[in-house]
Amino acid sequence: MGDHCTIEWVVALARQLNAIPASLNPVRGCSRLSEACRNCYAAGIAHRFGHKGNGIWAGLTDLDPDGTPRFNGTLRWVPEVLTTAINAKRSRVYFVCDMSDLFHARVDQDWIDQVFAMMALCRHHRFLLLTKRPDRMRRYLIDPETPRRVAVYADMLGGQSMRAGDLHHAYGPGVDGALPRWPLPNVWTGATVSDHAAVAELRAVPSVLRFLSVEPMLGPLNLPDPPRIDWVIAGGESGPRARPSHPDWFRSLRNDCVAAGVPFFFKQWGEWLPSDDVPSEQQESLELQNRDADVAGVVVFRVGKKAAGRVLDGRTWDEVPEVRP
């Protein structure tokens, strides 16, 4: 939520680029889109810090009847956050809106334009945009008017924080007032997906690099052929109400990535671990605690996120795209 980010795949990419892993939240708030959102980690964090009506997350969440925190659809625009990246001198890998969704239906287009203007100015940073709404992301990025609108805001932001002409120095002369390089070379576009329709939407997004986040993985998902996807992140669900994943869902997706030469990052098992990876002496104790479950014929045990770890078939999958700083 602050200038530093501890999410594993952001940290891994930042390490490769010799940059600082960070997050940036110019939009606060969201709402559920699908069943995958049921146990949203961001809603849990926002509710923990905002449920008493104080602080930056106040008023953004409610509780379900079963006590599960959820975003209530209230959105807040925080434009002053944009100057954080503009003023940061050392290179960073920014996870943009890790506590919300920049392409939520109720996010104003002007807000998105201003975020892109900031990213256009900050060529020394890498920005990761991850959305559950890749259809709106695609429509926004293919709109021929978008680079022109962004250029206007870039001039405004640049006038406040940079020398005149720095934008063109970064990207070369523009045409008809539009940004000269589009899509922006320092912006990666990603989608949190649970079905193949969302994958298809992301594949149609104009971008220098597209990535999938399949987390939580609540069912099987295959990589298209050809993939037109440059990075895949997968993981199980964590938290008190976490649902288990079938180990073969992860293996099948990983195998697709290996066959296609796409970097694969296994973030975590989550709370649940397959019985093959749980010592037999521990299984009996867990069964007595009713901490076992069956996922399509495979027995899994609830051992906790830390104990479950992130080793898949004997190794840690920490692959990230090979890019230059």
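Be aware that the sequence shown starts at 9, since it is given in the numbering used here, and climbs by one per residue. For every residue, glycine included, the Cβ atom is placed at its ideal position computed from N, Cα and C. Note that this is a predicted model, so its numbers are computed, not measured.
- By alpha-carbon distance to Asp116, the top candidate from Arg100, Pro191, Gly198, Pro87 is Pro87.
- By the neighbour-count definition (other C-beta atoms within 10 Å, threshold 16), Lys313 is a buried residue.
- Of the candidates Val213, Val101, Ala125, the residue whose Cα lies closest to the Cα of Arg23 is Val101.
- A direct Cα-Cα distance of roughly 11 Å separates Met225 from Asp256.
- In this structure, the CA atom of Gly81 is about 26 Å from the CA atom of Phe219.
- For the 9 Å CB-CB criterion, Arg78 and Arg40 form a contact.
- For Leu90 against Pro34, the beta-carbon gap comes to about 6 Å, under 8 Å, which counts as contact.
- Contact check between the region 256-271 and the region 317-326: three or more CB pairs, one atom from each, fall below 8 Å, which counts as touching.
- For Trp17, the closest C-alpha among the options Leu281, Asp284, Ile241 is that of Ile241.
- Apart from the 5 residues on each side of it in sequence, Ala304 sits with its Cβ closer than 6 Å to the Cβ of His254 in its chain, given in chain order.
- Fully contained in the region 10-78 are the following beta strand (DSSP E) runs of length 3 or more, in chain order: 28-32, 69-71.
- The beta carbon of Val311 is closer than 6 Å to those of Leu281 in its chain, skipping five residues each way along the sequence.
- Asn80 sits in a strand when the DSSP states are folded into three classes.
- For Pro191, the closest C-alpha among the options Asp203, Thr200, Ala159 is that of Ala159.
- CA-CA distance, Asp118 to Thr154, rounds to 10 Å.
- Under the three-state reduction of DSSP, Lys275 is assigned to strand.
- In this structure Asp106 is buried. Its beta-carbon is surrounded by 16 or more other beta-carbon atoms within 10 angstroms.
- Fewer than three beta-carbon pairs drawn from the region 118-135 and the region 50-60 are found closer than 8 Å, and the two stretches are therefore not classed as touching.
- In the DSSP assignment, the residues bridged to Pro282 are Val308.
- Per the C-alpha coordinates, the member of His204, Leu210, Leu187 positioned closest to Trp196 is Leu210.
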